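Notes to accompany the following structure.
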Amino acid sequence: MRRRTDRIWAGLILSAAGLLAAAPNSSGQLSIARPNFGVPEFAATGSTFQAEIKAAAGLSSTQWVAVLGNDLRIWTGAVEQVDYGAYVDNGTVAGYRLRIRLPSGVPPEVFTLAVAHPSGGVATNRNAVSVVSCLDTNFYILHYADPQAGAYEPNNADTGMYGTHGSVRELWWHAPAIRLANPRFMFDTGDEMDNAYGTTVARYNEYKDGMCGMGVAVLATRGNNDSVISTADWRANIGLETYSITMGSFYVCQKDVREDTHTAWFTNDYATVTGNTNILYRLFGQHFNSNGDGKCPYFYSPPAGQYPSLMLVGHGHANSTLQSSPYHVIETQQACNKGAVGFFNFVRSATNWTCTTLGSQWLQLMSSGAAAKLTCTYAATNDGSRAANTAVITNTLTANFWDGRVRFLAPAAAMGYQASGGTLLAKY
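Yeah, the sequence shown ends on 500 if you go by the numbering used here, and it's all consecutive.
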């Protein structure tokens, strides 16, 4: 599989829209504030999602084009509504809000989003839109705390760590197992990079490369070590640092602990959702739940009457239930230690959500180095040359990834393909 660069994406979207001759190049004024890599949109098959666009006022509402794509092909969505106003960055910046309908036949995967306008240019964000069959159904997530890359290559071949911190290389080691497990999202509660190494946007893009290779949505916020690149660069390349996402009756929020910028917005948003009877579960994430060591000055303590269903934090590099009453606060150790993750399984009943894994939620994905405890091998090379193939999955972890995914590449066939041993989700 090959990767598409932003330049190739720009050509694809403009050619598909018939705008190639009229539009400026991909370095135009337009940018996609949200959804972004670390603040994605979730949409059920056949439904719509919203995009927040930073661009000059006055762009025609009838000439917007939106495209979803993966490494194999693209799908063009319908831009059904365009509004201009204070819609960007939690209502603090003027810009465009687009309502986009998912293209027909788009499979349940995570996609790059490209948006174009003939007078505004083209912008793309990777891992921006996650399509699911149904938002209000059972799912699981992986809590990926403190990857904290301190170098590109590890100096400990067993753990993947660089000293006491992580490496970019091990993100690539973790990716095949995570792609196979297919959590609805990775919950990244900060310290993506160590402050001694994550000094530039380019190095954060190395982190993004590895995370995008995992093939699932990522919900990220900042930790105390994400302190060198500017807030503006963080938002442009990762996404808003404080935000919320609603998936049917399930609410997810992440609160930045480094700056106070959106605390007032967050306090109101969280309080409003707490009083919304349509929201049955509130998952709260932040880097840590106190400022005991002085590194998380803008942590948030939910007041009485507004307790979350569950709070997930990192920072301490340990697996611990920090509290169980009046609500659970679960800490997961650093992901840079053999792919340590928290596994949280959420089950939807007729009246509520339940997390079924609060007592047994910690895993290490790797046995040593690049060797994972969850693997997939194909009987024949999975390169598109074989019309029949078999995948064998080996799982020595204690978690059952009941929504795991494999993808077969095969020659186009007029009669299509059949699958056994699993559910065929999409063919294209």
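Just so it is clear, CB atoms sit at the ideal spot from N, CA and C, and this is done for glycine as well.
The structure presented is a predicted model; accordingly, all values stated were derived computationally and were not measured.
Hey, quick one: how far does the alpha helix (DSSP H) through residue i stretch, first residue to last?
{"i": "tryptophan 306", "result": "303-309"}
{"i": "methionine 283", "result": "273-284"}
{"i": "valine 345", "result": "335-346"}
Compare the C-alpha of residue i against each of the options and name the closest.
{"i": "tryptophan 306", "options": "Asn227, Asn340, Ala249 and Gly262", "result": "Gly262"}
{"i": "asparagine 297", "options": "Thr120, Lys367 and Gln406", "result": "Lys367"}
{"i": "arginine 169", "options": "Ile104, Thr209 and Ser439", "result": "Ile104"}
{"i": "aspartate 155", "options": "Leu355, Ile172 and Asp218", "result": "Ile172"}
{"i": "cysteine 206", "options": "Met265, Ala115 and Arg251", "result": "Ala115"}
{"i": "glycine 192", "options": "Ala336, Gly414, Ser316 and Thr134", "result": "Thr134"}
{"i": "tyrosine 323", "options": "Ala390, Leu355, Met258 and Ala138", "result": "Leu355"}
{"i": "leucine 174", "options": "Glu152, Ser439 and Ala188", "result": "Glu152"}
{"i": "serine 176", "options": "Ala459, Trp147 and Val187", "result": "Trp147"}
{"i": "glycine 110", "options": "Leu497, Gly311, Ala452 and Ile213", "result": "Gly311"}
{"i": "lysine 126", "options": "Ala188, Leu437 and Leu469", "result": "Ala188"}
{"i": "valine 478", "options": "Ala484, Ala486, Leu469 and Thr449", "result": "Thr449"}
{"i": "threonine 468", "options": "Tyr159, Gln436 and Leu102", "result": "Gln436"}
{"i": "aspartate 475", "options": "Trp136, Gln101 and Glu181", "result": "Glu181"}
{"i": "glycine 456", "options": "Leu144, Gly118 and Gly130", "result": "Leu144"}
{"i": "cysteine 408", "options": "Val194, Thr236, Ala138 and Val137", "result": "Thr236"}
{"i": "tyrosine 216", "options": "Gln326, Trp245, Asp260 and Gly377", "result": "Asp260"}
{"i": "threonine 120", "options": "Gly357, Phe416, Ala150 and Tyr212", "result": "Ala150"}
{"i": "leucine 131", "options": "Leu102, Thr303 and Thr117", "result": "Leu102"}
Which same chain residues, not among the five before or five after residue i, have their C-beta less than 7 angstroms away from its C-beta?
{"i": "proline 107", "result": "Glu113, Ala123, Leu185, Asn197, Ala200 and Val201"}
{"i": "serine 439", "result": "Lys445"}
{"i": "aspartate 341", "result": "Ser316"}
{"i": "isoleucine 300", "result": "Reading the sequence as shown, one finds valine at residue 300 and not isoleucine. Within the same chain, valine 300 has close Cβ partners Asn267, Gly270 and Thr271."}
{"i": "threonine 231", "result": "Asn409 and Lys410"}
{"i": "asparagine 454", "result": "Asn461, Phe480 and Leu481"}
How should residue i be labelled, buried or exposed, when 16 other C-beta atoms within 10 angstroms of its C-beta is the threshold for buried?
{"i": "glycine 493", "result": "exposed"}
{"i": "asparagine 254", "result": "buried"}
{"i": "glycine 163", "result": "exposed"}
{"i": "alanine 471", "result": "buried"}
{"i": "glutamine 395", "result": "exposed"}
{"i": "proline 190", "result": "buried"}
{"i": "tryptophan 425", "result": "buried"}
{"i": "tyrosine 224", "result": "exposed"}
{"i": "serine 414", "result": "At residue 414 the sequence reads glycine, which differs from the serine that was named. Flag for glycine 414 reads buried."}
{"i": "asparagine 97", "result": "In this prediction, asparagine 97 has a pLDDT of 37, which is less than 50 and means its spatial position is unreliable; nothing more can be read from the coordinates."}
{"i": "serine 239", "result": "buried"}
{"i": "asparagine 350", "result": "exposed"}
{"i": "leucine 496", "result": "exposed"}
{"i": "alanine 158", "result": "exposed"}
{"i": "alanine 491", "result": "exposed"}
{"i": "proline 374", "result": "buried"}
{"i": "serine 397", "result": "exposed"}
{"i": "proline 483", "result": "exposed"}
{"i": "valine 288", "result": "buried"}
{"i": "alanine 138", "result": "buried"}
{"i": "asparagine 363", "result": "exposed"}
{"i": "proline 380", "result": "buried"}
{"i": "valine 54", "result": "No information on residue 54 is available, as it lies outside the stretch 73 to 500 that the chain covers here."}
First and last residue of the beta strand (DSSP E) that includes residue i?
{"i": "tryptophan 147", "result": "146-160"}
{"i": "phenylalanine 259", "result": "257-260"}
{"i": "leucine 291", "result": "289-292"}
{"i": "tyrosine 315", "result": "315-319"}
{"i": "glycine 167", "result": "165-173"}
{"i": "phenylalanine 183", "result": "182-189"}
{"i": "glutamine 358", "result": "353-358"}
{"i": "valine 139", "result": "137-141"}
{"i": "valine 329", "result": "Taken as a continuous stretch (DSSP letters only), valine 329 belongs to no beta strand (DSSP E), as it is neither H nor E."}
Which residues in the same chain as residue i place their Cβ atom closer than 8 angstroms to its Cβ, once the five residues preceding and following it in sequence are excluded?
{"i": "lysine 499", "result": "Gly488 and Tyr489"}
{"i": "threonine 423", "result": "Leu352"}
{"i": "alanine 93", "result": "Because the pLDDT at alanine 93 is just 33, under 50, the model does not fix this residue reliably, and the value given afterwards should be weighed accordingly. Cβ within range, chain order: n/a, list empty."}
{"i": "tyrosine 279", "result": "Pro219, Ala221, Val240, Leu243, Glu264, Met265 and Gly270"}
By Cβ distance, which residues of its chain are closer than 6 angstroms to residue i, with the 5 residues on each side in sequence left out?
{"i": "methionine 286", "result": "Ala247, Ile250 and Arg251"}
{"i": "phenylalanine 480", "result": "Asn461"}
{"i": "serine 99", "result": "Because the pLDDT of serine 99 is 47, which lies under 50, any placement of that residue in the model is unreliable, and the question is left without a value."}
{"i": "proline 179", "result": "Ala498"}
{"i": "asparagine 227", "result": "Tyr234"}
{"i": "glycine 54", "result": "Summary: the structure shown does not reach residue 54, with the chain confined to residues 73 through 500, and so no result is reported for it."}
{"i": "tryptophan 337", "result": "Asn162"}
{"i": "aspartate 328", "result": "Thr293, Arg294, Glu313 and Thr314"}
{"i": "isoleucine 317", "result": "Val324"}
{"i": "valine 464", "result": "Thr449"}
{"i": "valine 419", "result": "Asn210, Thr426 and Thr428"}
{"i": "glycine 388", "result": "Glu403"}
{"i": "phenylalanine 473", "result": "Ala253"}
{"i": "asparagine 309", "result": "Val273 and Tyr276"}
When every heavy atom of the ligand ZN is checked, does at least one fall within less than 7 angstroms of the C-beta of residue i?
{"i": "aspartate 218", "result": "As presented, the structure is devoid of all ligands, the ligand ZN included, so that no description of it is given."}
Output yes if chain C places a C-beta closer than 8 angstroms to the C-beta of residue i; else output no.
{"i": "threonine 495", "result": "Absent from the structure is chain C; it holds one protein chain and no more."}
Going residue by residue through the stretch 389-470, where are the continuous beta strand (DSSP E) segments of at least 3 residues, counting only ones entirely within it? 392-395, 400-403, 412-420, 425-427, 434-436, 438-440, 446-450 and 463-467
Complete runs of the alpha helix (DSSP H) confined to the stretch 195-263 [at least 4 residues]: 241-253
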